[in-house]
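Undergrad:
Residue numbers (our numbering): 157 to 286.
1. Taking the alpha-carbon positions, what's the residue 168 to residue 244 distance?
2. Taking the alpha carbon of residue 208 as the point to measure from, which residue in 185, 275, 190 has its own alpha carbon closest?
3. Rounded to a whole number of angstroms, what is the C-alpha to C-alpha distance between residue 235 and residue 283?
4. Confirm, please, whether the CB-CB distance from residue 190 to residue 280 is below 9 Å.
5. Would you identify the three-state DSSP class for residue 163, choosing helix, strand or coil?
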């Protein structure tokens with residue numbers, strides 16, 4: 157990597173603006189890093205009270221939008237990290253995720269956590285090829 161390496165930050169269309177000092181996606185050195193995505197709708201509504209399945213669908217839609225906005229795709233995922241507040245929800249997540257990911261089978265980790273920001277049930281971050 158050269159000394160003049162500069163990452164590129166993305167704020168993809170169709171996503172609510174970040175609520176903190178970060179970008180939804182950043183790329184560099186041929187990789188795309190997707191910040192942790194919560195179930196936040198395009199208009200900025202946090203879906204913390206929505207049914208778990210709806211939260212999962214929104215989170216995965218956000219990940220897909222961030223990937224696309226950075227010039228990547230689900231098929232280019234290398235690793236996905238899932239933070240979930242109740243490990244008993246894992247089978248429901250995995251069923252929705254497997255349909256969303258299709259033939260892509262990136263490395264994946266699940267991390268049970270006691271709580272997430274805004275009282276959400278899950279958060280997903282990812283790394284992909286650019």
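Quick reminder that beta carbons are idealized off the backbone N, C-alpha and C, glycines included.
TA: The relevant details are as follows:
1. 32 Å
2. 275
3. 5 Å
4. yes
5. coil
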